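Quick notes on the structure that follows.
2 protein chains.
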Amino acid sequence: MIRSVHKERIKRCIGLMRKENLDVLLLAKPSNMFYLTGDGRLCSFAMITQQGIVALGVPKTDIEDVQKTASFDHIMGFDDEIGMIHAIAHYFKEFGILKGSVGLEYTFLTQSMMSMFTHPHGKPEGVQSMDCTPIMSSLRIVKDEEEIDRISEAALVAQEGIAAAIKVLRPGITESRVAAEAEYAMRHAGADEFWRTYVSSGPRTNIAHGLPTQRKIQKGDLVMIDIHPIVNGYSADMCRTVIVGSATTEQKHAYEHFLTAQQATIEAIRAEVGMVDLEKIFHGTLKKNGHEKHIFGPPIHGVGIEFEEAPLPAGHAFFHGEKEPGSLQAGTVLAVGNCGIYTGPWGVRIEDTVLVTGDGYEILTNFPRKLSFD
Amino acid sequence: MIRSVHKERIKRCIGLMRKENLDVLLLAKPSNMFYLTGDGRLCSFAMITQQGIVALGVPKTDIEDVQKTASFDHIMGFDDEIGMIHAIAHYFKEFGILKGSVGLEYTFLTQSMMSMFTHPHGKPEGVQSMDCTPIMSSLRIVKDEEEIDRISEAALVAQEGIAAAIKVLRPGITESRVAAEAEYAMRHAGADEFWRTYVSSGPRTNIAHGLPTQRKIQKGDLVMIDIHPIVNGYSADMCRTVIVGSATTEQKHAYEHFLTAQQATIEAIRAEVGMVDLEKIFHGTLKKNGHEKHIFGPPIHGVGIEFEEAPLPAGHAFFHGEKEPGSLQAGTVLAVGNCGIYTGPWGVRIEDTVLVTGDGYEILTNFPRKLSFD
Chain A
1 MIRSVHKERI KRCIGLMRKE NLDVLLLAKP SNMFYLTGDG RLCSFAMITQ
51 QGIVALGVPK TDIEDVQKTA SFDHIMGFDD EIGMIHAIAH YFKEFGILKG
101 SVGLEYTFLT QSMMSMFTHP HGKPEGVQSM DCTPIMSSLR IVKDEEEIDR
151 ISEAALVAQE GIAAAIKVLR PGITESRVAA EAEYAMRHAG ADEFWRTYVS
201 SGPRTNIAHG LPTQRKIQKG DLVMIDIHPI VNGYSADMCR TVIVGSATTE
251 QKHAYEHFLT AQQATIEAIR AEVGMVDLEK IFHGTLKKNG HEKHIFGPPI
301 HGVGIEFEEA PLPAGHAFFH GEKEPGSLQA GTVLAVGNCG IYTGPWGVRI
351 EDTVLVTGDG YEILTNFPRK LSFD
Chain B
375 MIRSVHKERI KRCIGLMRKE NLDVLLLAKP SNMFYLTGDG RLCSFAMITQ
425 QGIVALGVPK TDIEDVQKTA SFDHIMGFDD EIGMIHAIAH YFKEFGILKG
475 SVGLEYTFLT QSMMSMFTHP HGKPEGVQSM DCTPIMSSLR IVKDEEEIDR
525 ISEAALVAQE GIAAAIKVLR PGITESRVAA EAEYAMRHAG ADEFWRTYVS
575 SGPRTNIAHG LPTQRKIQKG DLVMIDIHPI VNGYSADMCR TVIVGSATTE
625 QKHAYEHFLT AQQATIEAIR AEVGMVDLEK IFHGTLKKNG HEKHIFGPPI
675 HGVGIEFEEA PLPAGHAFFH GEKEPGSLQA GTVLAVGNCG IYTGPWGVRI
725 EDTVLVTGDG YEILTNFPRK LSFD
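Chains A and B supply the protein sequences, listed in that same order.
In this text, residue positions in the first sequence follow this note's numbering: the first is 1, and each later residue adds one.
In this text, residue positions in the second sequence follow this note's numbering: the first is 375, and each later residue adds one.
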């Protein structure tokens, strides 16, 4: 049975497939399968034909579980990788697709998974494969009301996580212990899961991806906490940087400058504005305040089922298999503040999840933005 | 500077590269970079030439942090994806590699990352790419003393995690809350991080990858807890299945049969035994006890920097870009019990991390194996 929410999504999907001349999608990325069918899990696949038929292949152990949540017309269980290839072959035959084109997720499939999904025992020789990443991104880029509710819930859970992490900060505690508090609080507040937690301190706040370590936080350290809970399948993305002890004047200024840039960018958000324009405001404000050399990485990206998804900024987008983002539409959700200030000895980052509305924006993560919580 | 532990590994690596006629490796998988250089992080790369030169490319923000831990001859920072491609081009030129072959990680790189790593502005046209997964796996498959110490530490941390999770089990608690306890305890016991925690209950114990949900545990439920802490860069893999309330006779028998199969397999472990032989013992014991239809998935895999790595069982290995595993060697670490019994309404799994020694084995995760902890 196909539930109405998925019927509507599949209808839009078919429209895009027709435009791109795609006969069938063969999806394996959990987030994409979840969006179109209501169930996304590892080691599974979903095929969607241009006629709107939805066919699933799952580990044989999972059939009953998937039947409870997923929208689909056909389901097959398999024993192993060979069984998976046979299931794909079966569906190609059943749907009479012997030539034409199949859409695969080039930004998700590794080279070896690709070999498996295009194995001659599965995909007919006459069927050409092409990347369906841009199709899936443009389908998912505008969120409906229920999706926005779920992201809002995740945003509240993120606030609980940040609050718990900040509360435990003190000299001597390890970065990993701070992460423990954030994660524990997020699960208690209703997270099913979370994406990898970043906690970095002192000189490590200057690095791009600060995964937690056993480093003990010292008095005078900045601590950067970046978290991404998943609630009902949807994510939020939030970061705060906090001082343990007293901040130097330089740190205070950097914090204020970053916050000014972030807030100026958020205030410019509304439908019809371009991602590139927002990025210009963000980086322009930082440059104006003397941080030209401290900029690294794209400051804005989309949030949804994944904590980092389309729209991605132009340069980044290209290498992630995405098209350059057009103007924003109401219903898109952004994380603003994804890049920080990197001064060398330390860095600062403040990131919030923000909904694009018709005439403006709504900030979904409203935890206080300040350097000191003493 | 190249530290002695990495000098030895790079020497072995060069030996394998010569055999395969590989002029240079271009690695991006954190676990592989960590093994050969002491530092593995996202959005970075390591190039290793057949002459033993180690060149790193990292986000420009990360240079100082990498310099503290990594063994390398050259390091370059980059601003973005284009900078990364230019850094790759720079090294190819510097090392005078204009033809020949480059080893890439086909089991790690997505199709779009592959396009980036083989971009004509980076890789010279005359250089052919090939998969270096089997080389990296055979390098990492036998652990040295320090690696075994780290895996043993991770195993102790896993025991703390399992103990905390079991302690909190009661009707009404959600799967996610149980995961929270395991994760919190692992971080408190010294984990830097952990791979995704699996907690499933009741009918969900029958599925292959039981990620935690908001399902409330009920009296009479089996609960499966599968955890993978990371300590000093090394992992352990451990699973216990526990009853909340009283188990049925059928559940008790299934548990005993699975434990018998797991223990029989572990007892057969020693250097020179084949993975296929162990798998036969595992599945043979289950079949003998009436569980032929309840078997799914490979029962044994390697453990090291990753919680699931080579050696992989033959069928699985092929689709994961690995060569079929040969006979076991002393110093390899295995997870035994990776597959469970899947009866339909519920499943059972017991998994332990086990070191292969010259004349036998050593179980590293020694938490009690029993169905009830009341």
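C-beta atoms are modelled at their ideal positions from N, C-alpha and C, and glycine is treated no differently.
Bear in mind that the values here come from a model prediction, so they are computed numbers and not experimental data.
What are the boundary residues of the alpha helix (DSSP H) that residue 420 of chain A is part of? The structure shown does not extend to residue 420 of chain A, since chain A spans only 1 to 374, so no value can be given for it.
Excluding the 5 residues preceding and the 5 following residue 697 of chain B in the sequence, name in chain order all residues of the same chain whose CB lies nearer than 8 Å to its CB. Position 323 of the second sequence, counted from the start, is the residue given in the question as residue 697 of chain B. 508, 511, 512 and 691.
Residue span of the alpha helix (DSSP H) that contains residue 261 of chain A, given as start and end: As a first step, residue 261 of chain A is located in the first sequence; it is residue number 261 there, counting from the start. Looking at the DSSP string, the run of the alpha helix (DSSP H) that includes residue 261 of chain A is 249–267.
Tell me which residue opens and which closes the alpha helix (DSSP H) that residue 67 of chain A is part of. In the first sequence, the residue the question calls residue 67 of chain A occupies position 67. It spans 63–69 - the alpha helix (DSSP H) in which residue 67 of chain A sits, taken as one unbroken run.
At the level of alpha carbons, what is the spacing between residue 185 of chain A and residue 160 of chain A? Within the first sequence, numbered from 1, the residue matching residue 185 of chain A stands at position 185. Within the first sequence, numbered from 1, the residue matching residue 160 of chain A stands at position 160. Distance from the CA of residue 185 of chain A to the CA of residue 160 of chain A, rounded to the nearest whole angstrom, comes to 6 Å.
I'd like to know if residue 530 of chain B contacts chain A, where contact means its C-beta is closer than 8 Å to some C-beta of that chain. Residue numbering aside, residue 530 of chain B sits at position 156 when the second sequence is read from its first letter. So no, residue 530 of chain B is outside the interface.
Could you confirm whether any beta carbon from chain A is found closer than 8 Å to the beta carbon of residue 609 of chain B? Here residue 609 of chain B corresponds to residue number 235 of the second sequence, with the count starting at 1. No, residue 609 of chain B does not count as interfacial toward chain A.
Closer than 8 Å, Cβ to Cβ, to anything on chain B: give me those residues from the region 65–79 of chain A, in chain order. 65 and 79
Does any residue of chain A bring its CB to less than 8 Å from the CB of residue 488 of chain B? The count along the second sequence starts at 1 and reaches residue 488 of chain B at position 114. For residue 488 of chain B, the answer is yes, since a Cβ of chain A falls inside 8 Å of its Cβ.
Which residues bound the alpha helix (DSSP H) around residue 149 of chain A? The residue labelled residue 149 of chain A in the question sits at position 149 within the first sequence. Run containing residue 149 of chain A: 145–168, per the alpha helix (DSSP H) assignment.
Between residue 309 of chain A and chain B, is the shortest Cβ-Cβ distance under 8 Å, so that the two count as touching? The sequence position of residue 309 of chain A within the first sequence is 309, counting from 1. Against chain B, the CB of residue 309 of chain A has no partner CB under 8 Å away; the residue lies outside that interface.
Nonlocal neighbours in the same chain, by C-beta distance under 6 Å from residue 240 of chain A, ignoring five residues either side: In the first sequence, counting from the first residue as 1, residue 240 of chain A sits at position 240. So the qualifying residues of the chain are 162 and 225.
Helix, strand or coil at residue 130 of chain A [DSSP, three-state]: Position 130 of the first sequence, counted from the start, is the residue given in the question as residue 130 of chain A. Residue state, collapsed to three classes: strand.
Contact residues within the region 186–220 of chain A, judged by C-beta distance below 8 Å to chain B: When C-beta distances to chain B are compared with 8 Å, the residues of the region 186–220 of chain A below that value are 187, 188, 190, 191, 192, 193, 196, 203, 204, 206, 207, 208, 209, 211, 212, 213 and 214, in chain order.
In the DSSP assignment, what residue or residues form a beta bridge with residue 586 of chain B? Here residue 586 of chain B refers to the residue found at position 212 when the second sequence is read from its first residue. Its beta-bridge partners do not exist; DSSP assigns none.
Using the C-alpha atoms, what's the distance from residue 630 of chain B back to residue 654 of chain B? In the second sequence, counting from the first residue as 1, residue 654 of chain B sits at position 280. In the second sequence, counting from the first residue as 1, residue 630 of chain B sits at position 256. C-alpha separation (whole angstroms): 18 Å.
Through-space distance from residue 355 of chain A to residue 363 of chain A, alpha-carbon basis: For the purposes of this step, residue 363 of chain A is taken as the residue at position 363 of the first sequence. For the purposes of this step, residue 355 of chain A is taken as the residue at position 355 of the first sequence. C-alpha separation (whole angstroms): 6 Å.
On the criterion of 16 or more Cβ atoms from any shown chain inside 10 Å, does residue 326 of chain A qualify as buried, or is it exposed? Taking the first sequence and counting its residues from 1, one reaches residue 326 of chain A at position 326. When all chains shown are included, residue 326 of chain A counts as exposed.
Can you list, in chain order, the residues of its chain with a C-beta nearer than 6 Å to that of residue 628 of chain B? Leave out the 5 residues immediately preceding and following it. Counting from one through the second sequence, the residue named residue 628 of chain B turns up at place 254. Around residue 628 of chain B: 715 and 722.
Around the Cβ of residue 19 of chain A, are there at least 16 other Cβ atoms within 10 angstroms (buried) or fewer (exposed)? What you label residue 19 of chain A is simply residue 19 of the first sequence in a count that begins at 1. Exposed, by the Cβ-count rule.
I need the DSSP call for residue 74 of chain A, collapsed to helix, strand or coil. Taking the first sequence and counting its residues from 1, one reaches residue 74 of chain A at position 74. Three-state result, residue 74 of chain A: strand.
Could you name the residues of the same chain whose beta carbon sits closer than 6 Å to that of residue 154 of chain A, not counting the 5 residues immediately before and after it, in chain order? Here the question's residue 154 of chain A lines up with position 154 in the first sequence. These residues qualify, in order along the chain: 229, 231, 234, 235 and 236.
Assign residue 359 of chain A to one of two classes, buried (16 or more other C-beta atoms within 10 Å of its C-beta) or exposed (fewer than that). Walking along the first sequence from the start, residue 359 of chain A turns up at place 359. Per the 10 Å Cβ criterion, exposed.
Starting from residue 57 of chain A, trace the alpha helix (DSSP H) both ways and give me its first and last residue. Looking up residue 57 of chain A in the first sequence gives position 57. Here residue 57 of chain A belongs to no alpha helix (DSSP H); instead the beta strand (DSSP E) covers 54–59.
The region 562–569 of chain B / the region 539–546 of chain B touching (three or more Cβ pairs under 8 Å): no
Nearest-angstrom Cα distance between residue 55 of chain A and residue 13 of chain A? Here residue 55 of chain A corresponds to residue number 55 of the first sequence, with the count starting at 1. Here residue 13 of chain A corresponds to residue number 13 of the first sequence, with the count starting at 1. C-alpha separation (whole angstroms): 15 Å.
Could you run through the region 407–434 of chain B and flag, in chain order, every residue whose CB is less than 8 Å away from some CB of chain A? 415, 416, 417, 433 and 434
Residue 309 of chain A - partner residues in DSSP beta bridges: Translated into positions along the first sequence, residue 309 of chain A becomes position 309. Answer by DSSP bridge pairing, in chain order: A:302.
Chain A residues whose Cβ lies nearer than 7 Å to that of residue 482 of chain B: Counted from its first residue, the second sequence places residue 482 of chain B at position 108. Simply 110.
For residue 83 of chain A, the first and last residue of its enclosing alpha helix (DSSP H): By one-based count along the first sequence, residue 83 of chain A stands at place 83. Element bounds for residue 83 of chain A: 81–94.
Is residue 36 of chain A helix, strand or coil when you go by DSSP? Here residue 36 of chain A refers to the residue found at position 36 of the first sequence. In this structure, residue 36 of chain A counts as helix in the three-state DSSP scheme.
Could you tell me which chain B residues have their CB closer than 8 Å to the CB of residue 180 of chain A, listed as they occur along the chain? Start at 1 with the first residue of the first sequence, and residue 180 of chain A comes out as number 180. 557, 558, 561 and 562, listed in chain order.
For residue 338 of chain A, I'd like the list of residues in its chain whose CB is within less than 7 Å of its CB, leaving aside the five on either flank, ordered along the chain. Position 338 of the first sequence, counting from 1, holds the residue named residue 338 of chain A. Within the same chain, and ignoring the five residues on either side of residue 338 of chain A in sequence, the residues whose Cβ sits closer than 7 Å to its Cβ are 297, 298, 299, 300, 301 and 351.
Residues of chain B with CB under 7 Å from residue 342 of chain A, in chain order? As a working mapping, residue 342 of chain A is identified with position 342 in the first sequence. Correct list: 435.
Nearest-angstrom beta carbon gap, residue 591 of chain B and residue 618 of chain B [assumed within contact, 8 Å]: For the purposes of this step, residue 618 of chain B is taken as residue 244 along the second sequence, with counting starting at 1. For the purposes of this step, residue 591 of chain B is taken as residue 217 along the second sequence, with counting starting at 1. Indeed, because the Cβ distance is near 6 Å, the residues count as touching under 8 Å.
Residue 262 of chain A versus residue 174 of chain A - alpha carbon distance: The residue given as residue 262 of chain A occupies position 262 in the first sequence. The residue given as residue 174 of chain A occupies position 174 in the first sequence. Roughly 29 Å separates the two Cα atoms.
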